[in-house]
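Just so you know, we're using this note's numbering here: the sequence shown kicks off at 282 and counts up by one.
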Amino acid sequence: MTSEKHGRLHLYDTLTRSKKPFEPLEPGKVRMYVCGPTVYGDPHIGNFRTFTVGDIIRRWLEYRRYDVFHVMNITDIDDKTIRDSATEGVSLKEFTEKYTESFLRGLDLMNIKRAHAYPKATEYASLMADFVKELVDKGVAYVAKDGVYFDIKKFPDYGKVSKINVSKVEKTERMAADEYEKENVNDFALWKNATPDEYERGIYYDSPWGPGRPGWQEAAPAAWRRTHAWRPIPRSVRHTMSPLRKPMPDAHSAVACSPPRRPSSKYTGAGLSEIGKPSGCRSFNPRWPVGP
Numbered sequence: 282m283t284s285e286k287h288g289r290l291h292l293y294d295t296l297t298r299s300k301k302p303f304e305p306l307e308p309g310k311v312r313m314y315v316c317g318p319t320v321y322g323d324p325h326i327g328n329f330r331t332f333t334v335g336d337i338i339r340r341w342l343e344y345r346r347y348d349v350f351h352v353m354n355i356t357d358i359d360d361k362t363i364r365d366s367a368t369e370g371v372s373l374k375e376f377t378e379k380y381t382e383s384f385l386r387g388l389d390l391m392n393i394k395r396a397h398a399y400p401k402a403t404e405y406a407s408l409m410a411d412f413v414k415e416l417v418d419k420g421v422a423y424v425a426k427d428g429v430y431f432d433i434k435k436f437p438d439y440g441k442v443s444k445i446n447v448s449k450v451e452k453t454e455r456m457a458a459d460e461y462e463k464e465n466v467n468d469f470a471l472w473k474n475a476t477p478d479e480y481e482r483g484i485y486y487d488s489p490w491g492p493g494r495p496g497w498q499e500a501a502p503a504a505w506r507r508t509h510a511w512r513p514i515p516r517s518v519r520h521t522m523s524p525l526r527k528p529m530p531d532a533h534s535a536v537a538c539s540p541p542r543r544p545s546s547k548y549t550g551a552g553l554s555e556i557g558k559p560s561g562c563r564s565f566n567p568r569w570p571v572g573p
């Protein structure tokens with residue numbers, strides 16, 4: 282992030298490997314999405330790097346008198362939260378609420394402004410099921426024995442953000458040992474069928490494919506819809522964690538933009554969102570700071 286030309290904000294765009302001037306989708310207003318934590322443990326100082334960057338950008342925008350609406354999702358259901366809550370012998374809800382509070386206390390201690398909304402994955406699981414069904418109906422996702430997967434062959438732009446040629450990705454020994462039913466090693470899970478243990482613990486949601494739970498790849502697009510009364514409103518800025526440059530931004534872009542629809546974000550930063558006028562439906566993930 283740089284401030285040039287009499288205070289005008291520029292952000293680095295990883296997709297084009299260039300800086301771009303910030304122009305909000307709506308004059309005077311900025312809708313900002315910052316990718317939040319998966320709450321399975323106490324956060325450490327390194328975790329707050331992403332949120333510090335988002336805070337700096339938000340404060341700059343507010344200083345420039347933009348009306349900022351800031352959303353941060355909380356991932357409170359995934360493999361780690363389910364595993365570790367079982368290890369501690371507590372319910373998933375009790376476990377994740379404890380670490381959500383720990384995270385929020387950390388924000389306060391770091392003097393990081395709290396977001397205006399913190400949608401939790403468990404609060405919009407039904408929306409995610411509907412979202413996944415839409416992708417299946419459109420032919421870009423398929424149903425397997427253990428869940429639903431996104432078919433990356435149906436999204437030609439997959440890999441553009443991370444600069445990966447997925448056709449040249451070789452299947453490793455670990456990949457070969459995975460007991461998944463996906464058709465392609467690079468396809469990612471949108472919905473996971475409940476295991477016997479998850480079913481017994483009540484960690485599942487009804488879906489057209491039976492009891493299960495959402496994958497994390499569609500959490501961000503669904504969280505944004507959930508916060509805005511289930512409407513796919515574009516964001517001015519989307520910020521994600523820079524260590525997740527591969528493959529998260531490509532997966533989020535594929536989910537949010539399949540089939541091609543209006544852009545989900547205008548700019549994307551390392552933990553923030555997208556910059557530049559939208560061209561098609563794409564989600565870039567500029568890291569901050571980053572070189573070419």
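We put the beta carbon where it would ideally sit given N, CA and C, even for glycine.
> Roughly how many angstroms lie between the CA atoms of E369 and K419, to the nearest whole one?
Replying inline: Whole-angstrom Cα-Cα distance: 41 Å.
> Do T362 and T319 have their C-beta atoms within less than 8 Å of each other?
Replying inline: At a Cβ-Cβ threshold of 8 Å, T362 and T319 count as neighbours.
> Between V349 and E343, is the Cβ-Cβ spacing less than 8 Å?
Replying inline: Their beta carbons are under 8 Å apart, which means V349 touches E343 by this criterion.
> Any idea what DSSP makes of G335, helix, strand or coil?
Replying inline: If DSSP states are grouped into helix, strand and coil, G335 belongs with the helices.
> Leaving out the 5 sequence neighbours to the left and right, which residues in its chain are closer than 6 Å to M391 when beta-carbon positions are compared?
Replying inline: So the qualifying residues of the chain are F329.
> Quick one, which of P302, I393, V421, I358 has its alpha-carbon nearest Y380's?
Replying inline: Distance check between Y380 and each of P302, I393, V421, I358 places I358 closest, using alpha-carbon atoms only.
> In the structure shown, what three-state DSSP assignment does P513 receive?
Replying inline: Because P513 carries a pLDDT of 42, less than 50, the predicted location of this residue cannot be relied on, and the following value inherits that uncertainty. In this structure, P513 counts as coil in the three-state DSSP scheme.
> Going by DSSP, what residues sit across from W472 in a beta bridge?
Replying inline: Paired residue(s): V429, P495.
> From which residue to which residue does the alpha helix (DSSP H) around K578 run?
Replying inline: The structure shown has nothing for residue 578, since the chain only spans 282 to 573.
> Quick one: what's L296 bridged to in DSSP?
Replying inline: Answer is none; L296 lacks a bridge partner.
> Is it the case that the Cβ atoms of A422 and F436 are separated by a distance below 8 Å?
Replying inline: No, the Cβ-Cβ distance between A422 and F436 is not below 8 Å.
> Do the CB positions of Y486 and A406 come within less than 8 Å of each other?
Replying inline: In contact: Y486 and A406 (Cβ atoms closer than 8 Å).
> Under a three-way DSSP split, which group does P400 fall into?
Replying inline: Coil.
> Nearest CA to the CA of V334: which residue from I393, F384, D411, H291?
Replying inline: Checking every option, the nearest Cα to that of V334 belongs to I393.
> Starting from D348 and walking both ways along the beta strand (DSSP E), at which residues does that stretch end?
Replying inline: 348 to 353 is the span of the beta strand (DSSP E), which, as asked, contains D348.
> Span of the beta strand (DSSP E) holding R312?
Replying inline: Membership of R312 in the beta strand (DSSP E) is indicated by the continuous run 310 to 315.
> If you draw a straight line from the alpha carbon of F412 to that of W490, how long is it in whole angstroms?
Replying inline: Between F412 and W490, the C-alpha separation is close to 13 Å.
> In the DSSP assignment, what residue or residues form a beta bridge with P437?
Replying inline: Bridge pairing for P437: absent [DSSP].
>> At the level of alpha carbons, what is the spacing between P544 and E404?
In response: Its pLDDT being 45, under 50, P544 is placed unreliably by the model, and the measurement read from it follows with that caveat. If you take the alpha carbons of P544 and E404, they lie about 24 Å apart.
> Helix, strand or coil: which one does DSSP assign to R364?
Replying inline: Note: R364 maps to helix in three-state DSSP.
> Thinking C-beta only, is L471 closer than 8 Å to M440?
Replying inline: Note that residue 440 is Gly in the sequence shown, not Met. No. Outside cutoff.
> In whole angstroms, what separates the C-alpha of E481 from that of C316?
Replying inline: Distance between the alpha carbons of E481 and C316: 31 Å.
> Taking Cβ to Cβ, would you say D427 is nearer than 8 Å to K473?
Replying inline: In this structure, D427 places its C-beta atom within 8 Å of the C-beta atom of K473.
>> Given this structure, state the Cα-to-Cα distance separating K310 from F376, to the nearest angstrom.
In response: Using only the alpha carbons, I get a separation of about 36 Å.
>> Looking at the secondary structure, which residues open and close the alpha helix (DSSP H) in which V417 lies?
In response: Unbroken alpha helix (DSSP H) run through V417: 406 to 418.
> What is the DSSP secondary structure of Y485, reduced to helix, strand or coil?
Replying inline: Coil at Y485, not helix or strand.
> For P400, is the classification buried or exposed, using 16 other Cβ atoms within 10 angstroms of its Cβ as the cut-off for buried?
Replying inline: So P400 counts as buried.
> When the Cα of F384 is compared with those of G322, K301, D294, which residue comes out closest?
Replying inline: Measuring from the Cα of F384, the nearest candidate turns out to be G322.
> What's the gap between the Cα of A576 and the Cα of K414?
Replying inline: Because the chain here runs from 282 to 573, residue 576 falls outside it and cannot be looked at.
> Name the DSSP bridge partner or partners of P302?
Replying inline: P302 pairs with H291.
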